[in-house]
Ligand SMILES: NC(=O)c1ccc[n+]([C@@H]2O[C@H](COP(=O)([O-])OP(=O)(O)OC[C@H]3O[C@@H](n4cnc5c(N)ncnc54)[C@H](O)[C@@H]3O)[C@@H](O)[C@H]2O)c1
């Protein structure tokens, strides 16, 4: 079997998980990893039999490398993606595509100019629960969709973990903005958002938000994205989706997956790992098959535009039309 030669750039929380994920795929081989922290790069490389590098540029020169996963802090996605495109590599760029709409558009242009596959890492699309919710809407099981409520919450210390690089709308809100477009099958027409701070923060970013969305075909939605859970919360996350249609309703809770393991090291939900593997498999299979990107640059731009509109609405108090 041909194995796609993959590199992972950025070995923090999600980059490390991508390495573990790629290592499970028989059709891929993790050949190179890069991180500014040389001790981390060396350790991860040793774990997977890959070569360690310090920067994206060095990794992109690795002989035979075909595809990269860019898991750097958001403000570094552009430079790495432009370098990957210039080197003709396929790329999976973590969400959000960029913190700035112009940078996100530049990433899309770079991939188009190089005719290389660009996928955006909206992992929520690979949760079986969200896939089933989308099917329920598409199959008409709920009738015409009227409204949606999505919650995505993490512990209050997330802001400190990522050193205030972005607020919760870029980090978590963007997941549900994309997921709702995908589940509902419609585009957002207008956005209104409010924010609050539930704890004293070292970094002045929004950490508790409600964003209401009006979709073009009439559905309305509210996304609650927040870093407010106490640090002793058993799971560290609270992800939900409620859908209401004219003929039915759907309730999704990632807290009720049928299996939670409470041990000395805390509570874990084993099924939280498999969506990332499914995402990476879809990326690898699409590159190997020369197929179109499963989650396009246009999807990344659309979700990013909703984040920008929500931030504008928080700043002005106005409804923002898209
Ligand atoms: N899909 C998901 O569910 C998900 C989950 C978490 C994070 N993310 C996204 O992944 C990206 C990374 O987030 P994170 O939480 O893993 O961040 P992180 O801070 O944990 O990791 C970033 C890593 O990049 C390294 N780095 C920084 N600058 C570098 C450079 N110039 N060259 C090489 N390495 C460099 C750091 O040393 C660190 O190891 C963000 O865009 C974030 O939004 C996605």
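In this note's numbering, the protein residues as written are 6 to 327. Idealized CB from N, CA, C, for every residue including glycine. Note that the structure is predicted; figures quoted are calculated from it, not measured.
Presumed contact (8 Å Cβ cut-off) between residue 60 and residue 90, rounded CB distance: So it is not a contact: roughly 16 Å between Cβ atoms.
CA nearest to the CA of residue 284, picked from 198, 17, 10, 29: 29
Helix, strand or coil at residue 92 according to DSSP, with G and I counted as helix: If DSSP states are grouped into helix, strand and coil, residue 92 belongs with coil.
Reference residue 64; option with closest CA among 11, 322, 253: 11
Residue range of the beta strand (DSSP E) that includes residue 267: Per DSSP, the continuous beta strand (DSSP E) segment holding residue 267 begins and ends at 266–268.
Chain-order list of residues whose beta-carbon lies under 8 Å from that of residue 327 (same chain, five-residue window excluded): 192, 193, 194, 195, 196, 310, 311, 314
Distance cut-off 7 Å: residue 78 Cβ against heavy atoms of ligand 1: yes
Ligand 1 heavy atom lying under 7 Å from the CB of residue 62: no
Residues near residue 190 by beta carbon distance below 7 Å, same chain, minus five either side: 142, 143, listed in sequence order.
Test item: CB-CB of residue 316 and residue 110 under 8 Å: Result no, Cβ atoms of residue 316 and residue 110 do not sit closer than 8 Å.
For residue 250, three-class secondary structure by DSSP: Looking at residue 250 - three-state DSSP - the assignment turns out to be strand.
Nearest to residue 46 (by Cα), restricted to the options 152, 223, 15: 15
Beta strand (DSSP E) runs wholly inside the segment 72–131, at least 3 long, in chain order: 72–75, 95–99, 123–126
Residue 304 (DSSP reduced to helix, strand or coil): helix
C-beta contact flag for residue 76 and residue 173 at 8 Å: With contacts defined as CB atoms closer than 8 Å, residue 76 and residue 173 fail to qualify as a contacting pair.
For residue 302 and residue 125, believed in contact at Cβ under 8 Å, the rounded distance: 7 Å
Contact under 8 Å by Cβ, residue 264 with residue 161: no
Cβ-Cβ distance between residue 58 and residue 39 below 8 Å: yes
CB contact flag (residue 8, residue 155, <8 Å): Not in contact: residue 8 and residue 155 (Cβ atoms no closer than 8 Å).
Ligand 2 heavy atom lying under 7 Å from the CB of residue 155: Although ligand 2 was asked about, the structure shown includes only ligand 1 as ligands.
Nearest residue (CA-CA) to residue 259, options 218, 325, 138, 210: Selection 218, 325, 138, 210 evaluated against residue 259 yields 138 as nearest (Cα-Cα).
Identity of the residue in 36, 202, 101 nearest residue 70 by Cα: 36
C-beta contact flag for residue 214 and residue 241 at 8 Å: Taking 8 Å as the Cβ cut-off, residue 214 and residue 241 do not qualify as a contacting pair.
C-alpha distance - residue 88 paired with residue 153, whole-angstrom precision: 39 Å
Where the alpha helix (DSSP H) containing residue 206 begins and where it ends: It is not in any alpha helix (DSSP H) - residue 206 carries neither H nor E in the DSSP assignment.
Separation of residue 99 from residue 150, as counted between CA atoms: 30 Å
C-alpha distance - residue 176 paired with residue 101, whole-angstrom precision: 7 Å
Cα-Cα separation, residue 299 to residue 83: Looking at the two C-alpha atoms, the distance is approximately 20 Å.
Where the beta strand (DSSP E) containing residue 164 begins and where it ends: Looking at the DSSP string, residue 164 is not in any beta strand (DSSP E); the run it does join, the alpha helix (DSSP H), is 163–166.
Any non-hydrogen atom of ligand 1 within 7 Å of residue 19 CB: Yes, since a heavy atom of ligand 1 falls inside the 7 Å radius drawn around the Cβ of residue 19.
Option nearest residue 249 by Cα separation, candidates 275, 147, 6, 211: 147
beta-carbon residue 241 near ligand 1 non-hydrogen atom, thresh 7 Å: no
Proximity test, Cβ basis, 8 Å: residue 126 and chain B: The question asks about chain B, but that chain is absent: this structure has only one protein chain.
Boundaries (first-last residue) of the alpha helix (DSSP H) holding residue 15: Unbroken run through residue 15: none, as it is neither H nor E.
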